[in-house]
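Quick notes on the structure that follows.
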Amino acid sequence: WHRYDMEKRLKGHPEYMAMRNGRRLTVEESKAASREPWKFCTTSEGLIELFTQALLEEMDKKPEQKMWSIGPSDGGGWCECEACKALDEPCDRVKWPGNMGAESLTPRMFTFFNEVARRVAAKKPDKQLGCFAYAAYTYPPAKPMNIETNLFVMLAARPYYGFSLYHDDLACEFIRLTDAWDEKLHGRIGWFDYSTWIGLKCSVGAPYPPALRILKLIFPHIKKIGWDTIYWDAAMVRGYGSLNTYLVAKLMWDADADVDALAGEWLERAYGPGADAMGRLYDLLDRQLAAYKQSKKYDFQYRCVPEQVKAIHAPVFPQMEALYREALSKNLTGPQKARLEMFGDNLILLHWNLRKAGWVENPEKSFFYRTDNQFKDFIEKACARPSLSLIPNNNPEPWLKPQLGVVAPEAVSRDE
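Residue numbering for the sequence shown follows the numbering used here, starting at 197 and increasing by one per position.
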């Protein structure tokens, strides 16, 4: 909503901005109030017309562009005026257990999308408009609602982010949710995925598994209902994330591919005689992460946070170390050993963080133990390799109490 020169166009029209706590925010206040600002009053006839005209003018500048976004910015800050709120529905948490908000904004959002879409279609019938079903407007409207045919929707189901589809209730809901949206849109919809993604603005070295079970759930079903558009956010950490990235790339090409066979192929090609031990290491992480997610009612956390590391990685670090050393003891080629050491870089980093947190016993006995001086030297060299996800962090959060100011996760609350 910040595109299309809207800041300039909104000057002199405070009535078009979102109402918050009984008054309309100015453009400047809206920009300052949220990480992702720019919330409008979407029931305002003047705002709808202004936005549509801005969009049409931009279309004239780029006639070759086929699709144009009309989706809002991320985050909250929605309008609280009576007209906007009157369109909202109570969340049906029985039918949609992943919907944890108080109200669903789907009718509000798609009323706005439809209004813009109708006006654009009258002037530019060859153009498509893109939007999301996401966050407070993830779930279909309870009441019948048509969606204009020049709208294309990407379903970005945030309740499934960060491996939450390990929870059986949410796995079942995924099938119902995609089926429900498909009934409304009949092919004008795609899947936008963060289901096997952990947001790593910086890493503590905690490896995550490829989540074979989740991949086996999503790809065949998306193909079955006939969606041909998919966006997938890949694992950024090559030292352990390449297996997931490889599987996803293969499944995008052939959704019916044998996931287990593909994983076995990748492990064999990456680690050679160490494949069996590394396969068992990944399986150990898979079982740990699944048990953790299933132990929560619904855990939508998609950051690498202390609670997860303590519950998932700390208890099995000795087993991870034993399996890694078993793989390393094999007769590896140079590339296979280099690939394995990329995984090991993460375990060096993880062990140092676990030690600083007091979550590992007898740390000096570990193969991955490094003194602080040795660790500093390791990090300086690791920054030049693609095995880790590292950024400079001059003010690390205190949960790991790092002494070197190198890597620690940002403090993100569960609610955030």
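Quick reminder that beta carbons are idealized off the backbone N, C-alpha and C, glycines included.
- R384 places its beta carbon 7 Å or farther from that of F328.
- Following the DSSP letters along the chain, one finds Y436 in no beta strand (DSSP E) but inside the alpha helix (DSSP H) bounded by residues 434-449.
- The three-state secondary structure of A578, taken from DSSP, is helix.
- Under a 10 Å Cβ-count criterion, R304 is classified as buried, with 16 or more other Cβ atoms of the shown protein chains found around its own Cβ.
- Note on the segment 353-421: whole beta strand (DSSP E) runs with a minimum of 3 residues are 385-389, in chain order.
- When C-alpha distances from A466 are compared across E276, G530, P268, I544, the shortest belongs to G530.
- Between A457 and P416, the CB-CB gap reaches or exceeds 7 Å.
- In this structure I343 does not touch D375 by the C-beta definition: roughly 16 Å separates them, more than the 8 Å allowed.
- Taken atom to atom, the span from the alpha-carbon of M213 to that of D288 is near 29 Å.
- The shortest C-alpha to C-alpha distance from K577 to any of K561, P511, L545 is the one to L545.
- Between the segment 500-520 and the segment 398-405 there are three or more C-beta pairs closer than 8 Å, enough to call the two in contact.
- In the displayed model, V290 falls within coil according to three-state DSSP, outside both helix and strand.
- Looking at the DSSP output, S300 shares a beta bridge with E285.
- DSSP lists no bridge partner for L545.
- Looking at the backbone, the Cα of K446 and that of M474 are separated by about 20 Å.
- With contacts defined by Cβ atoms closer than 7 Å, F388 and A331 do not form a contacting pair.
- When rounded, the separation of the alpha-carbon atoms in G218 and D201 is 27 Å.
- When the alpha-carbon of H198 is set against those of A471, S585, S269, R314, the nearest one is in S269.
- In its chain, beyond the 5 residues on either side, P406, L411, V455, L458, A459 have a beta carbon closer than 7 Å to the beta carbon of L443.
- Following the DSSP letters along the chain, one finds I426 inside the beta strand (DSSP E) bounded by residues 426-428.
- Closest by C-alpha distance to R521, out of P259, P511, P469, is P469.
- A direct Cα-to-Cα measurement between F574 and N549 gives close to 14 Å.
- Within a 10 Å sphere around the beta-carbon of M215 sit 16 or more other beta-carbons, which makes this residue buried.
- Rounded to the nearest whole angstrom, the C-alpha separation of H363 and I418 is 19 Å.
- In the three-state scheme derived from DSSP, where H, G and I count as helix and E and B as strand, S269 is classed as coil.
- Annotated as proximal: N295 and Y335, with beta-carbon spacing under 7 Å.
- V455 is not bridged by DSSP to any residue.
- Between P337 and T307, the C-beta spacing is not below 7 Å.
- Of the candidates D365, A318, L543, D365 places its Cα closest to the Cα of K492.
- A distance below 6 Å between beta-carbons, with the five flanking residues on each side excluded, links K526 to the following residues of its chain, in chain order: P469, G470.
- Contact between the segment 275-287 and the segment 310-321 is absent: fewer than 3 CB-CB pairs across the two stretches fall below 8 Å.
- Where Y478 is concerned, the enclosing alpha helix (DSSP H) starts and stops at 471-491.
- In the three-state scheme derived from DSSP, where H, G and I count as helix and E and B as strand, A329 is classed as strand.
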